[in-house]
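Protein chains in written order, with this note's numbering: chain A, 31 to 127; chain B, 31 to 127.
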DNA sequence: CCATAATTTATCTCACAAGATAAATTCATG
DNA sequence: CATGAATTTATCTTGTGAGATAAATTATGG
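Listed below in structure tokens is the structure:
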């Protein structure tokens, strides 16, 4: 495994973790996020567990569904909690949008 | 075209522009970058022109070859010129690495 | 202008991301 | 524990990103 492969895997892992952390933060199931993002449940599972070389479009959709900036997936200060408008615990709309 | 498609296209465009700007900054041809990154010349052309829904691995390889942080591709302050160690005009090593 | 380099476009192939669906596993909670 | 929800794993299909290669087009310098 080349060092670049390792770097890739580390990005894939970190992005997956960030996505999962954020989903939990919003108290969504994979199924909820599936409806919000358009991605299927198995696909989401694989992405969050770092099993996929995701396409940009997928990340854009997920960031949008989770109401975070795409850039946040790449600036892992690992503990990105709340930025105000990004947390809306009550009555989060689960309709597909 | 949904608004999310538009957002995707705008990211694809901006990333392509950033990559091309950076390549020119280093005074590399597509062929040079091809050797450095492992991507083929036609592929690079398509990416820089915003014709592709790139995979994460491709972006990681390109950022590495161009010696920029991956995050820089997603924080487009549009005019990211020099951050010191990222500019090495003389004797830039064209060997594949 | 011409020659050459750089880039774009085209074709064909392969690999794999992601969809769809179902079954298996794991996790909560009563 | 049992039961139902959540997640993971598996299988099959489809679409497309990216490699390889070549030809066409567009810069650029002499």
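Just so it is clear, CB atoms sit at the ideal spot from N, CA and C, and this is done for glycine as well.
Since this is a predicted model, take the numbers as computed values, not measurements.
Where residue 45 of chain B is concerned, the enclosing alpha helix (DSSP H) starts and stops at 33 to 55. The way I'd put it, the stretch 78 to 95 of chain A does touch the stretch 48 to 67 of chain A; three or more beta-carbon pairs between them come closer than 8 Å. Nearest to residue 96 of chain B by alpha-carbon distance, out of B/43, B/35, B/86 and B/48, is B/48.
For the C-beta of residue 34 of chain A, the chain B residues within less than 8 Å are, from N- to C-terminus, 90, 91 and 94.
Just so you know, the alpha carbons of residue 103 of chain A and residue 60 of chain B end up roughly 28 Å apart.
Between residue 92 of chain B and residue 69 of chain B, the beta carbon gap of about 7 Å places them in contact (Cβ cut-off 8 Å).
In this model, residue 88 of chain A and residue 72 of chain A are separated by some 14 Å (Cα to Cα).
For the C-beta of residue 37 of chain B, the chain A residues within less than 8 Å are, from N- to C-terminus, 90 and 94. Only residues of its own chain outside the window of five on either side were considered, and among them 70, 71 and 74 have a CB closer than 7 Å to the CB of residue 64 of chain B, listed in chain order. Each residue's CA atom was taken as its position, placing residue 85 of chain A and residue 62 of chain A some 21 Å apart. The alpha-carbon separation between residue 38 of chain A and residue 98 of chain B amounts to approximately 14 Å. With respect to chain A, the C-beta atom of residue 69 of chain B has no partner C-beta closer than 9 Å.
For residue 75 of chain A, the closest Cβ of chain B is not nearer than 9 Å.
Per the C-alpha coordinates, the member of A/94, A/90 and A/105 positioned closest to residue 41 of chain B is A/90. Membership of residue 69 of chain B in any alpha helix (DSSP H) is not indicated, and neither H nor E is assigned to it by DSSP. Contact between residue 34 of chain B and residue 94 of chain A holds, with the beta-carbon distance rounding to 6 Å and staying under 8 Å.
In this chain, the alpha helix (DSSP H) harbouring residue 87 of chain A covers 86 to 95.
For residue 75 of chain A, the secondary structure class from DSSP, reduced to helix, strand or coil, is helix.
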